[in-house]
Each structure stands twice: as C-alpha cells, then as structure tokens.
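A quick write-up on the structure given underneath.
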Amino acid sequence: MSTHSNSRDQVLNYPVSPLAKRSGLKGAQRRIGLLMLIPAAAAFVLVILYPFGQALGLSMFEFTLQSIEPVFVGVDNFQAVLSSPEALQSFFITLIYVGCSTLGALVFGLGWALILNQPFRGRGTLRAMTLLPWVVPSTVSAFIWGWIFNSRYGVMNAFLLEIGAIDMPQAWLSTPEGAMLAVVLTRIWRAIPLFMAFFLAGLQNLDREQIDAARVDGASNWAILRDHILPHLRPVLMVVVILGAIGGLQDFDTIYALTGGGPVRATAVLSVEVYRRAFEQWDIGMASAIGVLWVATLVPPAIFYLRVLVKGNR
Amino acid sequence: MKRLTKALGTVAVIGSMGIGAVHAQDLSFMGYSYAEETARPSVEKIISGFEAASGLKVEPIGSAWGDMQKNLFLRARSKTLPDVVQISERWLPTFSALGLVDYNEVFGAETLSEIYAPEALAMGQIDGKQLALPLMSGSIGMVANKAVLDQAGIADMPTTIEEFEAALVAVRDNVPNSVPYAMATINPNSILLDYMIWTWTFGGRIIDDEGKVVVDSPESRAALEFMVGLMSDRLAAPEVDRPDARRLLAQNVSAFYIDAPQSRSFLRSFSGQGEAFDVNIQPIAVPVANEGDESKSIQWGHMIISFAQSNPPVADDANMKFVNYLADDAVQTQFPVELSALPGTLAARQNPAIADDAYLSAWAEFNQTPVMNEIGIWDNGAELTQIIGEEVQAALLGQKSSDDAIASMAGRLQASMDKLAN
C-alpha cells in the first residue's frame, strides 16, 4: 500500500516543464479530436442540416413551379396536411408498411440466422448467397417482385393455378391488400440479409454450453429460444428493430417502382406522397411540409437508437 | 509570378473558348422529340436542313416529355429560356404567362391562315393571339386491331357503344387470353384520357371552360358505370397502362385502345414486324352513345412556341427564321410522317406522301373535331389528373361505387380549383 502511494506521490511531484500548458495532454487530445470532427461535421451541415433547414423554410411558403416568388403562409401548409384525409392516410399506410415489414424481416431474419448458425455442409456458401437480395439494386428487386405478382405473366398466378388454389389469374397488384403484401414482401426480402447478419453476429457470442445444459435438462427448442437465445440477443434485437423501422420509413424506390403508390392510394407511403407533391404536382411548399412531418416520425426511433448505442458503448 | 501568369492565361483561353461557343449558336431549340431515341434522328435532320439553308447554328436541347413543363419553368426562373420550344398543345395556356411571341405580329394572321390547317392553327390561339404554331397535329382517338377482330368474327368496325360492347364480347369469347379493350386502368395520366373520352361520348364534362367542376352529372356517372361494366364483364383488365395497351395490340391479344396517331410507330416496333404489321392497324371513330352522335376525340399536337430575341420580335430574328423553316414542306412532309402524325400545313397535307398514306387519311377522317383536353390546360392539371385517376381507378377496382367515386371526385376537384383561384 505504502509502495503504491509513494509512486503516486512521485508522479504528482514530477517536475513539469515551464512551457507545458495547463490543459496538458488531455487538452491537446481534445483539440485534435475536435479537429478530426470537422470534416464529418462539415459534411453533416452541408448535406443534412442545410437542406433540412431549407425544407423547413420552404414548408412555410406557398411555392409552386409556376409561382416566380414563394409566398409566406406560416403554418398553413401544416394545417392543410393535417386536415387532408389523403395525407393522413399516408401516415397510416406508412405505419402499416413499416410495422409489417419490420416484423416480417425480424421473424425471417432471426429464423434464417438460427438455421445458418447450425453446423452443416455448404453453410458458408449459403451465408454468402443470403446477402444477394441486399446487393441487388432496390429497383431491380421491385421489378423481380413485380413480375412475380404480374396478373398475366406472373409466377405467383402460374403456381397457384398449377396447384389448383385459384381458378383464374388474379390481379394481385390491383387490390389494396395485394399491393401492400407485395411491397411488404419485397421489403422483407431485401431486409432479411441485414437482419440475419446482425443476429448471426449476436449468436456467435452465445454460450453453447449453456444451450447444451438446457437440452440436458429437457428444454424444448421453443424454451431455449425464449429463455436463452432471445434474452441473449436483446441488445441486437433493439438495434435491428430500430434500424429496420428507420429503413422502412425512408423506403421509396422499391414502392414507387413496384406500385407507384397505388392502386388508388393503397401504398402511398410518406416518401411517395412527398415525391408526388414535389415532382408530379410541383407543390414544393406542401411537399416540404409533409417532408418535415415525415422527418419528425423518424426522430423518435433515431433518438432511441442513439441511446441504445451510447449505452452499449458505456 | 510565372505560375500566376500561366494560370491567368489558361483561364483567359478557356473563357474565350466559352464565349466563342456561346456565340457559335444563333438560337436554341428545346424539345422532347430530341430526347426520344426514335425521334431524335428526325429532329437532327430538321436542324441540319435549317443550318444548311440559313447558315445559322442551332443548339438542340433535349428534355423528356414528362419533365418539359418543369424544365421550362425552372429555366424561366433562372432566366435561361431557350429561343424556340416544342410543346404539347395542352401546355399552351400554362406557358402563355411566360411572355411568348405572338406570331400574328411577326408573320401576320392572314399569312398564317394560308399556310396552316385551320384546326391545327386554332390549337395555338389564346385570346386572339397566335402563341403557338403546329409542328404536327392529330388527335387522341381509337385504334383497332383487324387481325384480332377477324379472329373474333367481327367484319364491321363498331360505330355505337352497343356494337362496341358486342365486339368486345366476341373477342373475349373467341380469342384466348385476350384483353378485348386495353383500357387504361393504372397510371392517372393514362386513365384520364380514357375517362375523358367516354365522359364526352355520354354527353358529360369534367370541368367547363370557366373552370367550374361539372363532373357530378348523370352523363359522367353513366360513363364511369360503362367503364366499370367493362371491367366486371372481363372486357377490360386491371394493370393496363398505355405502354401495356400498345404491346397487347402488337401481340394480337387486344382489339381496341385509345392513343395518338403515333400508335402506328409503336405497334410496328412492338410487333417486331415493322411495316408488315400495318395491315392489322385500323384507326376508327370512337363509338358514339346514339346513332348520329358526333364521335369524340381529344385534341393532340406538337406545337412550337418562341421567346423573343429582339423587341419587338421580327421575321429576321434567327429564331423566327427557324420557326418559318418548320413550316417548310421539307420538314412538314418528313417529321410528322416519320412519327405517324398529320402535318400542320395545308401544302404538306396535300403532298402525295401524306395524302396517299391510308392510315393518316383514315385517322383524319375519323377524328374530324377533336376537343381540347379540359384538364391539362389548367395550372393545377397534374393534381386534377391525379384526383381523376384515383377516383376512376377506385370505381374500376370495386373499391367505391360509381356514385361515390364521382361525388368524391367532384369534391376534390372543386377544392383544387378553389385553391387555384385563390
């Protein structure tokens, strides 16, 4: 004990150079840290903060393509959005889309990760192939699924007719339920690789002996999943759900290429609604107002995600 | 210092090259045909012909059809308007606010009436001013596939709705996997044209000339109920857009659809048979509700607008010389024919190349009184189109009754027009 306190005293009483600044090494590190932060901060300001500020500003103007000068209207655009049944319907559709696609990707991603975590021949190849939907461009995915669901040439109709499940070809993309199912399935198909990779990484740290012991005690597969695997994957689960939800909220290209937001407005999620208002109807003010509200829906899961990350780092 | 001198020298050279490049062009010509792969060589032929004849240089600017309005307004905002622009006839009222050249003041109204066909010239008139001239004209009407009708045992083209429905039933029952009428059932832009034609056919209108929404009428309901009936009787199919319709006709699985005269070019291409497919293509008059009614079609044309190069604009301006050249027989007997449309000038229409073209002659015969698109002319045309498309589609897919769809359409259109008026 005394040896320890002596060495501490020696360190504290070590003669300091008169040129050394009061803030010392930590201060220098902090300055370098701030310096290194500048490129990322500049990129954030230029690419995210400034455009968002612009959009926020535009949302308070009546600004159509034909109007040479925007006219300030305050919160009128927000009031119009919140009183428009079509715009409110887009929020509801977005909720359904994000909820179903995230839940589906979670279930299938976890299931697939559990399968790929088992030792079997060709596992590495299968793991690599699983990434394919993630690598394929989103519009290509949309066209693949568009062809699967096509009423005249689609694989889905051909298969169902073959097994006798339907008497005549169905126009899947022409019903609200069918169109929503198609966009959700496409999203799930694209999201499974990401979900699976997260879960697989989490499963690598799972104590095999614990599972073996549970099996010896007679635990069923379901009990092992419920009592051992899921509690172990809880931090991963939270991150994956939040990331999946954010990804779903941002999704545009797949939906637009597959259904164009239709039939009628059945798949007109917020991103599609913003696109329509901005680039089809050229109502920049309204599009910005919906965009701002859309970002507002992204903020809670994003904050939650950051909190989980920060907690994890501590 | 040496480096600085070098750098300044380089900047000066590049600058002078840039200025030279600007001065090398005497006028700019913006159009959507130049952006289309199939039509681009035809536009290039026009430009090279003009350059050879006049010694003036033209800068061509391509813009996709769907982006033309947006691009022109953005150019107006940034004060980079082109000198001459190719537009769709329905955009003219919207563009008229940009300060277009009145061709009557440059060339004289009498001269223009001697050159251009009256109905084509009329498409470019607003409040007595001639703000656009026709590059080519035509209409949006009905096209039939004779091979499919032959297979269905239909010898005569239907002239009334009753005959039309009978023909569709025959096609459905005799041509396997067919879509008898390739009616547009997706994409609001396409649905609008089908609905508008049928509404007019049943004697209704959507929005009148004063901007009043008049769609909530028995005639408009009858038109929508007729379209819904076609769907429920499997005489039309879901998931059909205009490009799908063209392919269905080209594959001999559909008997009728609505399109512009350019239809022939598409069908030739999509059938893979080229001109050999022409024997199957037959323009017909849109069937009428009652014997003796006038067949309806929608006005369609490629128009030319200009922005003044001098104040006031004179015929000697480079862009006016180009506009004048576009009325030349060399252009009018080449460009419209290559795109399967009617020329805008009287001389070109009498030219054997046009007069002897059975398809174009038939098209002109069956679509003699096309009516202006009553939706596309409004500034909020895109929103109106979206509303009409959504409500018609909702009825076609059985999500709403025809009555509910029309009532909802009327309310939403009125709200949009009120917003426009304020």
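Which chain is which? The protein sequence lines are A and B, in order.
Following the numbering used here from start to finish, the first sequence increments by one per residue and tops out at 963.
Following the numbering used here from start to finish, the second sequence increments by one per residue and tops out at 485.
Glycine included, C-beta positions come from ideal geometry on N, C-alpha and C.
Nothing here was measured: the structure is a model prediction, and the numbers come from that model.
#1: Does DSSP put Tyr954 of chain A in a helix, a strand or coil?
#2: What separation, rounded to the nearest whole angstrom, lies between the Cα atoms of His86 of chain B and Lys120 of chain B?
#3: Quick check on Pro912 of chain A - is its C-beta less than 8 angstroms from some C-beta in chain B?
#4: Residues of the segment 797-825 of chain A with a CB closer than 8 angstroms to any CB of chain B: list them in chain order, please.
#5: Phe385 of chain B CB to nearest chain A CB: under 8 angstroms?
#6: Going by beta-carbon coordinates alone, are Phe429 of chain B and Ala308 of chain B separated by less than 8 angstroms?
#7: Between Asp356 of chain B and the ligand GTP, is the CB less than 7 angstroms from at least one heavy atom?
#8: Would you list the one or two residues that DSSP bridges to Tyr320 of chain B?
#9: Of the residues B:Gly461, B:Phe329 and B:Arg153, which one's Cα is nearest the Cα of Ser403 of chain B?
#10: With a cut-off of 8 angstroms, do at least 3 Cβ pairs link the segment 348-359 of chain B to the segment 171-184 of chain B?
#11: Who does Ala121 of chain B pair with in a DSSP beta bridge?
#12: So is Trp796 of chain A buried or exposed if we call it buried at 16+ other beta carbons inside 10 Å?
#13: Flag this pair as touching only if the segment 685-700 of chain A and the segment 898-909 of chain A have three or more C-beta atom pairs under 8 angstroms; answer yes or no.
#14: Shorter than 8 angstroms from the beta carbon of Phe319 of chain B to some beta carbon of chain A?
#15: For the candidate residues B:Leu460, B:Ile440 and B:Ala468, whose alpha-carbon lies nearest to that of Met480 of chain B?
#16: Flag Trp931 of chain A as yes if its beta-carbon sits less than 8 angstroms from any beta-carbon of chain B, otherwise no.
#17: Here's the rule: buried if 16 or more other CB atoms are within 10 angstroms of the residue's CB, otherwise exposed. What is Tyr802 of chain A?
#18: Between the Cα of Ile249 of chain B and those of B:Ser111, B:Glu302 and B:Ala183, spot the shortest distance and give me the residue it belongs to.
#19: How long is the line joining the alpha carbons of Ile438 of chain B and Ile203 of chain B, rounded to whole angstroms?
#20: Which of the three DSSP states, helix, strand or coil, is assigned to Leu196 of chain B?
#21: Could you please give me the residues that DSSP links to Ile344 of chain B through a beta bridge?
#22: Quick one: which chain A residues come within Cβ less than 7 angstroms of Phe136 of chain B?
#23: Between the segment 287-316 of chain B and chain A, which residues of the former have a C-beta closer than 8 angstroms to a C-beta of the latter?
#24: Can you look up Gly364 of chain B in the DSSP assignment and give me helix, strand or coil?
#25: Excluding five sequence neighbours on each side, which residues of the same chain lie with their C-beta closer than 7 angstroms to the C-beta of Ile939 of chain A?
#26: Does Arg875 of chain A have its Cβ less than 8 angstroms from a Cβ in chain B?
#27: Quick one: using the 10 Å Cβ neighbour count with 16 as the cut-off for buried, is Gly748 of chain A buried or exposed?
#28: Per DSSP, which residues does Ile189 of chain B bridge with? Please list them.
#29: Along chain A, which residues have their Cβ under 9 angstroms away from the Cβ of Leu163 of chain B?
#30: I need the straight-line Cα distance from Gly81 of chain B to Ile109 of chain B, nearest angstrom please.
#31: What runs of the alpha helix (DSSP H), each 4 residues or longer, lie entirely inside the segment 391-443 of chain B?
#32: What three-state label does DSSP hand Asp213 of chain B in the structure shown?
#33: Whose C-alpha, out of B:Asn315, B:Gln449 and B:Gln193, is nearest the C-alpha of Pro239 of chain B?
#34: The segment 186-206 of chain B: which residues have C-beta closer than 7 angstroms to a C-beta of chain A, in chain order?
#35: Measure the alpha-carbon distance for Ala84 of chain B versus Ala116 of chain B and round it to whole angstroms.
#36: Under the three-state reduction of DSSP, which class applies to Val85 of chain B: helix, strand or coil?
In short, the structure shows the following:
#1: It is helical.
#2: Below a pLDDT of 50, predicted positions are generally treated as unreliable, and His86 of chain B, at 48, falls in that range; the measurement from the model is reported next regardless. So the two alpha carbons sit approximately 9 angstroms from each other.
#3: Yes, Pro912 of chain A lies at the interface with chain B (some Cβ there is under 8 angstroms from its Cβ).
#4: For the segment 797-825 of chain A, which is checked against every Cβ of chain B, the residues closer than 8 angstroms are Asn799, Ser800, Arg801, Ala820, Leu822, Ser823, Thr824 and Pro825.
#5: Not an interface residue.
#6: At the C-beta level, Phe429 of chain B and Ala308 of chain B stay beyond 8 angstroms of one another.
#7: For the structure depicted, the ligand GTP is absent and the ligand set is empty, with no information on it obtainable.
#8: Within the DSSP secondary-structure output, Tyr320 of chain B pairs in a beta bridge with B:Val206.
#9: With distances taken between Cα atoms, Ser403 of chain B lies closest to B:Phe329.
#10: The segment 348-359 of chain B is not in contact with the segment 171-184 of chain B.
#11: Correcting the residue identity first, residue 121 of chain B is Val in this sequence and not Ala. In the DSSP assignment, the residues bridged to Val121 of chain B are B:Leu90.
#12: When all chains shown are included, Trp796 of chain A counts as exposed.
#13: No, they do not touch.
#14: No, its Cβ sits nowhere closer than 8 angstroms to a Cβ of chain A.
#15: Comparing C-alpha distances from Met480 of chain B to each of B:Leu460, B:Ile440 and B:Ala468 shows the shortest one belongs to B:Ile440.
#16: By the rule that beta-carbons nearer than 8 angstroms mark a contact, Trp931 of chain A touches chain B.
#17: For Tyr802 of chain A, the number of other beta carbons within 10 angstroms of its own is below 16, and it is reported as exposed.
#18: Per the C-alpha coordinates, the member of B:Ser111, B:Glu302 and B:Ala183 positioned closest to Ile249 of chain B is B:Glu302.
#19: Taking the straight line joining both Cα atoms gives about 14 angstroms.
#20: Strand.
#21: Per DSSP, B:Asn208.
#22: Contact of Phe136 of chain B with chain A by beta-carbon distance below 7 angstroms involves Leu714 and Gln715.
#23: Taking 8 angstroms as the Cβ-Cβ cut-off against chain A, the residues of the segment 287-316 of chain B that qualify are Ala300, Pro301 and Glu302.
#24: Secondary structure of Gly364 of chain B (DSSP, three-state): strand.
#25: Close CB contacts of Ile939 of chain A within its chain, under the 7 angstroms cut and outside five residues either way in sequence, are with Val730, Ala736, Leu919, Glu922, Val923 and Arg926 (chain order).
#26: Among the CB atoms of chain B, none fall inside 8 angstroms of the CB of Arg875 of chain A.
#27: It is exposed - the Cβ of Gly748 of chain A has fewer than 16 other Cβ atoms within 10 Å.
#28: B:Lys192.
#29: Within 9 angstroms Cβ-Cβ: nothing; Leu163 of chain B doesn't reach chain A, min ~15 angstroms.
#30: Residue placement at Gly81 of chain B cannot be trusted, given a pLDDT of 43 that sits under 50; the coordinates are not used to answer.
#31: Unbroken alpha helix (DSSP H) stretches of 4 residues or longer found wholly inside the segment 391-443 of chain B: 392-395, 398-401, 409-413, 415-418 and 421-429, given in chain order.
#32: Of the three classes helix, strand and coil, the one that applies to Asp213 of chain B here is helix, per DSSP.
#33: The candidate whose alpha carbon is nearest that of Pro239 of chain B is B:Asn315.
#34: The segment 186-206 of chain B vs chain A, Cβ under 7 angstroms: nothing.
#35: Unreliable placement is indicated for Ala84 of chain B, whose pLDDT of 43 sits below 50; no coordinate value is reported for it.
#36: For Val85 of chain B, the predicted model reports a pLDDT of 43, less than 50, meaning its position is unreliable; a value from the coordinates is still stated below. Reduced to three states, the DSSP call for Val85 of chain B is helix.
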